[in-house]
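First up is the structure itself, then whatever we jot down about it.
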Amino acid sequence: MFDIILQAGASVLLDPLTLGLMGIGTLAGLLAGAIPGFTIAMGVILTLPFTFGMSPIQGLATMMGVFVGGLSGGLMSGMLTGIPGTPSSVATTFDGFPMVRSGKPGLALGLGLWSSFFGGMISAVILVALAPQLAFLGLEFGPWDYFALIVFALTITVSLSGDNMVKGLIAGCLGLFAACVGEDEINGVARFAFGSDHIRQGFAFLPVLIGLFAFSQLLSDVEDNVKAKSPLMAKTADPVRVEHRKAIALVVKNWINLFRSSFIGIFTGILPAAGGSISNILAYDQAKKAAPNRDEFGKGAVDGIIAPESANNATAGGALIMMMALGIPGDIVTAVMLGALMIHNIIPGPSFIQDEPLLAYGVFIAFFAAHFFMVGLQAFSLRLFLLVTRIPMYVLASVILAYCAIGVFALHNITFDIWVMFGFGVIGYFMRKLGFPLAPMILGVVLGKLAELNIARAIGTSDDYFLFVTRPWSLFFILMAIVSIIFPFYQNANKDSMFSKLYVPICMMVLSFPLFLMGSPVRMIIAAILLLAGSYFVYKRTTTLQVT
Amino acid sequence: MTNNKTDIIISVFLLCFSGIMINDASNIRDLGFEGMKADAWPRVVLWLLVIISSVMLGKSYLLFKTEGHVGNNNFKVNFAKFKNALICFGMFIFFLSTLDYLGMLLGGIVFVFGLLTFLGGFSPNLIFKHLTISILSIGFMWMIFTFGLRVMLPEGEILRVW
């Protein structure tokens, strides 16, 4: 075990080229995260074409740098100008910006930076400890369970993607359909090719992704003539000297908040599709509730910066746990990572850590190392960020659109891929305009083939369709999918209604059933706790409702 | 932009799209092997799409009946919203159509220059700036991909003749 970790460590940390690439990736991520209108996913997607020529570990280390850098980049613009660079740093602005305005920009940036660092480190430790264990658990999964897990991943993406669940479901179906086009994995039969040899090969993942996400985003960014021509940020900021020592001392002093927020981040990351944009607000909310000095929140509270920043970096570790152990992306960024691995002919899944230990542990170590790069490069990226924000959006968008075309061409050296990117770019743009969330579609594209393969395997193994509901894991994920579908109704329901009060305890009771079926002592104890707690809350809340 | 009327149009479009694809699914060859057929999964996905699109159609129709049309019908206003996106589409189609002749280097420069100028403005000062940006950016990217990553980018007939 240790020799594998040492070898993996050496392949990442002792190779100057890998380190250099990771450094460039982190810098690119810090900038992508800092610039409003750009997202971390976009940064990772645009990095992908550069990684084709690299070894898998170099490619993944580079993207890991972009991922970690992006998560921390958002705090720069959020704190200095009040405009969050990414959705995952929205809550950071609540207290970061007021602290900067009160004359402590160095401390605010330092707190954000070191909270991100420590949050990332905590999640990295959990990642290394939990991913292999979860992978062992994943070895219990049959094709029925895997299919049900994918259904759950898609339904939770839909339920968390916005107000309009119907549009989210349509987007998910469109993604699944896009993955069907071309030769099918099992029989090699052409589908929906309409006589075209190119379409017969199917849509490559990268052009679809760049089109849907980056191309459509750039078109939206230049839509407004006035905004497109003005510099990226109207408000500019001066270079700041970060107060490292004071910030570290404050973060360590508030260690309870740091750990609580980091665990919120990790848990949110493990849930498919729930990324940093949710965890930072959840952590901020919990920090506010737990703080003795709630009135200071919103005016530059130290805890108000530590909570969201440690949570959003910890989310990355959580999302990676799911991707590495089960091959299910935790959010859009890990969906892109999954695609990147597939480009390098590596399919993550329960046996991935056992089959490719060097690569798996290399990714873990790259995740660790990227946090050190992030701290080291923050000051330099801040200067670069101030330079980049003077450029008008239309200039950046035009150059990046051309870069997208070159990058996509580099995948298979065929022009058809650029047409695919363009086509999906147009679809993505209109979907954005019409209020369709893109996340379910992207997950549909990524997981579509896997879903089909597993349902085909399940049907090929046995013609008993009841196995989908009689196998404990499959039943567990199907119930989770139903719970996630109902979740938006719970969110919108009147807080005093019977439904709102009983939703959570009933979910606990229902989910205990498949856990009982699993038979192992630990799971049965968890099931019993869930059942007892659920029953208690149902009893307590129904009696309260009867009294009122 | 999204409103009830648009949602009705979109759901009808999705229903038509699903119908065409379900019809095309019957052309998928059956190799006669046991297990799941090649057309089974796409059919499931497409029927799911039909059901959800019908729900969206029903929902938006009911809203349209009760609330009426909410949104702007003025063509000029709507066109102005999409002008820049349409310019991007047009330039990209031009770039792709001429890629075989101009190649990635020249085509890329023309694309970036054209897009910058259409979006940014036509003053002599700006045109010079745009030309510089397009040559430097595409030249830099072309060099990285050609020499750094060893990707054979399309050369284009014009450069081949020279």
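From first to last, the protein sequence lines are chains D and A.
Here the first sequence is numbered in the numbering used here, starting from -1 and rising by one per residue.
Here the second sequence is numbered in the numbering used here, starting from 155 and rising by one per residue.
Note that CB positions come from ideal geometry on N, CA and C, so glycine has one too.
For clarity, every value in this text was computed on a predicted model and none was experimentally measured.
As DSSP reads the structure, D:P390 sits in a beta bridge with D:P229. When rounded, the separation of the alpha-carbon atoms in D:A59 and D:M20 is 6 Å. A residue is called buried once 16 or more other Cβ atoms fall within 10 Å of its Cβ, and D:V444 is buried on that count. Counting only the Cα atoms, D:A314 lies some 20 Å from D:A6. Contact between A:P196 and D:R189 holds, with the beta-carbon distance rounding to 6 Å and staying under 8 Å. With contacts defined as CB atoms closer than 7 Å, D:P470 and D:P512 qualify as a contacting pair. Within the region 406 to 424 of chain D, F407, A408, N411, T413, I416, W417, F420, G423 and V424 place their CB atoms closer than 9 Å to a CB of chain A, listed in sequence order. For A:R314, no Cβ of chain D is located within less than 7 Å of the residue's own Cβ.
Under the three-state reduction of DSSP output, A:F187 falls in the coil class, being neither helix nor strand. Of A:Y255, A:F167, A:F243 and A:V266, the smallest CA-CA separation from A:S208 is found for A:F167.
DSSP places D:G140 in the coil class of the three-state scheme, outside both helix and strand. With respect to chain D, the C-beta atom of A:L203 has a partner C-beta closer than 7 Å.
Annotated three-state conformation of A:N158 is helix, per DSSP.
Taking a beta-carbon distance threshold of 7 Å, D:I404 counts as an interface residue toward chain A.
Along the length of the region 378 to 466 of chain D, whole alpha helix (DSSP H) runs at least 4 residues long occupy 391 to 410, 414 to 431 and 437 to 459, reported in chain order.
Setting aside the 5 residues that flank it on each side, D:A89 is surrounded in the same chain by N278, I279, Y282 and P306, each with a C-beta closer than 6 Å to its C-beta; the list follows chain order. Segment contact: the region 171 to 182 of chain D against the region 503 to 512 of chain D, fewer than three CB-CB distances shorter than 8 Å; contact not assigned. D:V187 is a Cβ neighbour of A:A192, given a cutoff of 7 Å.
Between the C-alpha atoms of D:T413 and A:L202 there is a straight-line separation of about 33 Å. In terms of Cβ geometry, D:F434 and D:S157 do not form a close pair [threshold 7 Å]. D:G426 sits away from D:L174, with the two beta carbons spaced by 7 Å or more.
Under a 10 Å Cβ-count criterion, A:R304 is classified as exposed, with fewer than 16 other Cβ atoms of the shown protein chains found around its own Cβ.
Using a 10 angstroms sphere on the CB of D:T541, the tally of other CB atoms stays under 16, which defines it as exposed.
A distance below 8 Å between beta-carbons, with the five flanking residues on each side excluded, links A:G310 to the following residues of its chain, in chain order: L253, D254, Y255, L256, G257, M258, L259, L260 and G261. With contacts defined by Cβ atoms closer than 7 Å, D:S9 and D:G360 form a contacting pair. Contact between D:L128 and D:G71 fails: their C-beta atoms lie close to 26 Å from each other, not under 8 Å.
If the five residues before and after D:V481 are omitted, its C-beta is found closer than 8 Å to the C-beta atoms of C505, V508 and L509, all from its own chain and listed in chain order. Proximity to D:G94 across D:I527, D:V250, D:S472 and D:A106 peaks at D:A106, based on C-alpha coordinates.
Listed along chain D are V164, each with a C-beta nearer than 8 Å to that of A:K213. Under the three-state reduction of DSSP, D:D353 is assigned to helix.
In this structure, D:V240 is the residue among D:V240, D:T387, D:V224 and D:T16 with its C-alpha nearest to the C-alpha of D:G101. Only exposed fits D:W253, as fewer than 16 other CB atoms lie within 10 angstroms of its CB. Look at D:A454: its C-beta is under 7 Å from a C-beta on chain A.
By the neighbour-count criterion, in which 16 or more other beta carbons inside 10 Å mark a residue as buried, D:P346 falls on the buried side. For D:I197, the enclosing alpha helix (DSSP H) starts and ends at D195 to R198. When secondary structure is reduced to three states using DSSP, D:T155 falls in the helix class.
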